[in-house]
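Down below is the structure, laid out as structure tokens.
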Amino acid sequence: MDLNSQLEELKYDYVRLQNDLDKRESVGLETDPLIKQLEDIEQQISDVRAKMREEQ
């Protein structure tokens with residue numbers, strides 16, 4: 018998978034998890050696992066962007 022595709026997939030996953038987090042918060046469910054996943058995706062996005070800058 019090329020870096021652009023990987024970045025798009027990560028962004029999609031991030032938005033999906035944000036929506037899931039909002040739903041869980043609205044009904045008072047635990048959100049810590051989703052917050053951890055969002056942090057992991059943020060790091061992956063950062064890593065992919067760094068690789069993209071290196072290739073330019």
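Positions 18 to 73 (my numbering) are the ones given, in order, by the sequence shown.
Every residue gets a Cβ at the ideal spot worked out from N, C-alpha and C, and that includes glycine.
Keep in mind it's a predicted model, so treat the numbers as computed, not measured.
Classify residue i: buried if its beta carbon has 16 or more other beta carbons within 10 angstroms, exposed otherwise.
i   : result
L46 : exposed
V65 : buried
I58 : buried
Could you pull out every residue in the same chain whose Cβ sits closer than 8 Å to the Cβ of residue i, ignoring the five residues on either side in sequence?
i   : result
T48 : L38, R41, E42
L20 : V65, K68, M69, E72
L24 : I62, V65, R66, M69
Please go through the same chain and pick out, in chain order, the residues whose beta-carbon is closer than 6 Å to the beta-carbon of residue i, but skip the five residues on each side of it.
i   : result
L27 : I58, Q61, I62
Y31 : I58
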